[in-house]
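If you number the sequence shown the way UniProt numbering does, the last residue is 215 and the count never jumps.
Note that beta-carbon positions come from the ideal geometry of N, C-alpha and C, so glycine has one too.
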Amino acid sequence: MPRSQPQYSGDYGFSAPIGNPVTAAENIYTMSNAATACRTRLKRLGVVFKEKPPIYRSSSCQIANPIEVSGFNSGSIAFKPAATLNCQVTEALARWIKGDLQPAARLRYLSGVNTIYNAGGYSCRTMNHRRGAKMSEHSRGNAIDVTKIVLNNGKNIMVRKPGFFAFREKGLLNTVRSDACSYFTTVLGPGYNPEHADHFHFDLMQRRSGYRACK
């Protein structure tokens, strides 16, 4: 008689920290108390997500218990397209949106955030798609790229270097980029290099020194 498969829809845990590789033989369906707590925090933050089957392409490309994120603030903020991420970076993103992006938008445009567009979460690739480079944090679902922010009043804010007279847009982008350093260990964006000219890159790379790369 075939063994029944785990049900993801009611499962709100995630595996051990991303730094611990998942082997093919590991019981990736076992959830720790800390993992369950992370899912609980996401629900309290109003993150709209669903569980996905484990991803394991190699020791460098894996997410033990990925989630597909499609919205924030109990669904009032859409996240397009839905992105596959790990729990930790999703929580950091949700706290940045709630604590900094939303207040900054209301302050400068008197409007809340309607939609956040991204260029994807999980992707099994090297940094900047360069051959021979280190594997990107995207390969573990530990990074997200934000490309555009749409406000409730219809204003579209592209993540790029604003025009000379775009004072409000420039102020918003500079503020939320700087504030993101309190939530993520890596924050890159327009002006850093050509590869990041049209988006913010946020990740939770762990460095021995505790250094945060905010550029």
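- Task: With a 10 Å radius around its C-beta and 16 neighbouring C-beta atoms as the bar for buried, classify G154 as buried or exposed.
- Result: Residue numbering aside, residue 154 sits at position 154 when the sequence shown is read from its first letter. Burial call: exposed.
- What number of angstroms, rounded off, separates the C-alpha of P54 from the C-alpha of L110? The residue given as residue 54 occupies position 54 in the sequence shown. The residue given as residue 110 occupies position 110 in the sequence shown. So the alpha carbons of these two residues sit roughly 41 Å apart.
- Item | Touching by the beta-carbon criterion (3+ pairs, under 8 Å), the stretch 61 to 78 and the stretch 42 to 51 | yes
- Kindly provide the ranges of any alpha helix (DSSP H) runs that are 4 or more residues long and lie completely inside the stretch 65 to 142, ordered along the chain. 87 to 96 and 102 to 109
- Query: Which of the three DSSP states, helix, strand or coil, is assigned to T175?
  - Reply: Here residue 175 is taken as the residue at index 175 of the sequence shown, counted from 1. Note: T175 maps to helix in three-state DSSP.
- Contact under 8 Å by Cβ, G189 with V159: Here residue 189 refers to the residue found at position 189 of the sequence shown. Here residue 159 refers to the residue found at position 159 of the sequence shown. For G189 and V159, yes; Cβs fall inside 8 Å.
- Message: Between the alpha carbons of A92 and Y183, how many angstroms are there, rounded?
- Response: Looking up residue 92 in the sequence shown gives position 92. Looking up residue 183 in the sequence shown gives position 183. Rounded to the nearest angstrom, the two C-alpha atoms are 5 Å apart.
- Message: By the three-class DSSP mapping on this structure, what secondary structure does L42 have?
- Response: Sequence index remark: in the sequence shown, residue 42 carries index 42 (1-based). Three-state DSSP puts L42 in a helix.
- Message: Is it buried or exposed, G210, if we count other Cβ atoms within 10 angstroms and call 16 or more buried?
- Response: Translated into the one-based positions of the sequence shown, residue 210 becomes position 210. G210 should be labelled exposed.
- Same chain only: Cβ atoms within 6 Å of K50, ignoring 5 sequence neighbours per side: Along the sequence shown, read from residue 1 onward, the residue named residue 50 stands at position 50. Only E68 meet the Cβ criterion.
- Query: Helix, strand or coil: which one does DSSP assign to A35?
  - Reply: Residue numbering aside, residue 35 sits at position 35 when the sequence shown is read from its first letter. Here A35 sits in helix by DSSP.
- Message: Just verifying my parser: in three-state terms, what is the DSSP assignment at A180?
- Response: Taking the first residue of the sequence shown as 1, we reach residue 180 at position 180. Looking at A180 - three-state DSSP - the assignment turns out to be helix.
- Closest Cα partner of S58 within the set R212, R125, I116 and S70: Within the sequence shown, numbered from 1, the residue matching residue 58 stands at position 58. Nearest option by C-alpha distance: R125.
- Message: By DSSP's criteria, L151 is part of a beta bridge. Which residues make up the other side?
- Response: By 1-based counting over the sequence shown, the position of residue 151 is 151. Its beta-bridge partners are V113.
- Item | Residue burial classification, T185 (beta-carbon count within 10 angstroms, cutoff 16) | Indexing the sequence shown from 1 puts residue 185 at position 185. That one is buried.
- Item | CB-CB length for H199 against A82, believed under 8 Å | Position 199 of the sequence shown holds residue 199. Position 82 of the sequence shown holds residue 82. H199 to A82, Cβ: 17 Å. No contact.
- Taking Cβ to Cβ, would you say residue 254 is nearer than 8 Å to G191? Residue 254 lies beyond the stretch modelled for the chain, which goes from 1 to 215, so this question has no answer here.
- Query: Anyone know if the C-beta pair for T84 and G121 falls short of 8 Å?
  - Reply: Locating residue 84 in the sequence shown gives position 84, counting from the first residue. Locating residue 121 in the sequence shown gives position 121, counting from the first residue. Going by C-beta atoms, T84 is nearer than 8 Å to G121.
- Task: Classify E169 as buried or exposed, calling it buried when 16 or more other Cβ atoms lie within 10 Å of its own Cβ.
- Result: By 1-based counting over the sequence shown, the position of residue 169 is 169. It counts as buried.
- Task: Could you have a look at R207 and say whether DSSP puts it in helix, strand or coil?
- Result: Residue mapping note: residue 207 aligns to position 207 of the sequence shown, counting from 1. Three-state DSSP puts R207 in coil, outside helix and strand.
- Query: Where do the N-terminal and C-terminal ends of the beta strand (DSSP E) with T186 fall, by residue?
  - Reply: Position 186 of the sequence shown, counting from 1, holds the residue named residue 186. Start and end: T186 to L188.
- Query: Hey, how far is the Cα of S60 from the Cα of D179?
  - Reply: For the purposes of this step, residue 60 is taken as residue 60 along the sequence shown, with counting starting at 1. For the purposes of this step, residue 179 is taken as residue 179 along the sequence shown, with counting starting at 1. Computed Cα separation, rounded: 30 Å.
- Message: Which same chain residues end up closer than 7 Å to R108 when comparing Cβ atoms and leaving out the 5 residues on each side of it in sequence?
- Response: On the sequence shown, position 108 is the one that residue 108 refers to. Excluding residues within five positions, the ones whose Cβ falls inside 7 Å are R168, G171 and L172.
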